[in-house]
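Okay, so here's the structure we're looking at.
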Amino acid sequence: MNACPLHTRHRPALPGRRRLLTAAALALLGMPAMGRAAVGVGPVVPAVAAPALPLRRHDGAARTLAAQLRGAVTAVQLMFT
Numbered sequence: 008m009n010a011c012p013l014h015t016r017h018r019p020a021l022p023g024r025r026r027l028l029t030a031a032a033l034a035l036l037g038m039p040a041m042g043r044a045a046v047g048v049g050p051v052v053p054a055v056a057a058p059a060l061p062l063r064r065h066d067g068a069a070r071t072l073a074a075q076l077r078g079a080v081t082a083v084q085l086m087f088t
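Here it is, written out as structure tokens:
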């Protein structure tokens with residue numbers, strides 16, 4: 008009872024070989040851009056002193072960035088500034 012003409016049938020859900028290769032090539036083309044985004048990450052050589060940037064700590068205390076970094080491990084998020 009399935010009288011559906013051939014030209015109206017749907018393609019299978021799984022991608023064909025050509026689509027898979029195209030997707031892989033496009034993904035590989037984007038990889039060099041991701042590698043460039045990481046340039047400059049890591050230790051600063053030679054070491055540069057932290058600026059006297061004013062900070063507001065999580066507990067409300069006001070300090071400078073240089074004072075906060077002195078003598079302790081510190082995580083600083085400069086997002087939304």
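FYI, in the working numbering the residues of the sequence shown are 8 to 88.
Think of the CB as a built atom: it goes at the ideal place given N, C-alpha and C, for glycine as much as any other residue.
Next on the checklist: Using 7 angstroms as the threshold, is the C-beta distance between GLN75 and LEU60 below it?
Outcome noted: no
Next on the checklist: For a test of the three-state rule: what should DSSP assign to ARG25, helix, strand or coil?
Outcome noted: helix
Checklist entry - Do you know how far the Cα of ARG26 is from the Cα of LEU35? => result One alpha carbon belongs to LEU35, the other to ARG26, and they sit about 14 angstroms apart.
Item to check | Alpha-carbon to alpha-carbon, LEU72 and ALA79 | outcome: 12 angstroms
Checklist entry - Quick one: Cα of LEU85 to Cα of PRO53, how far? => result 22 angstroms
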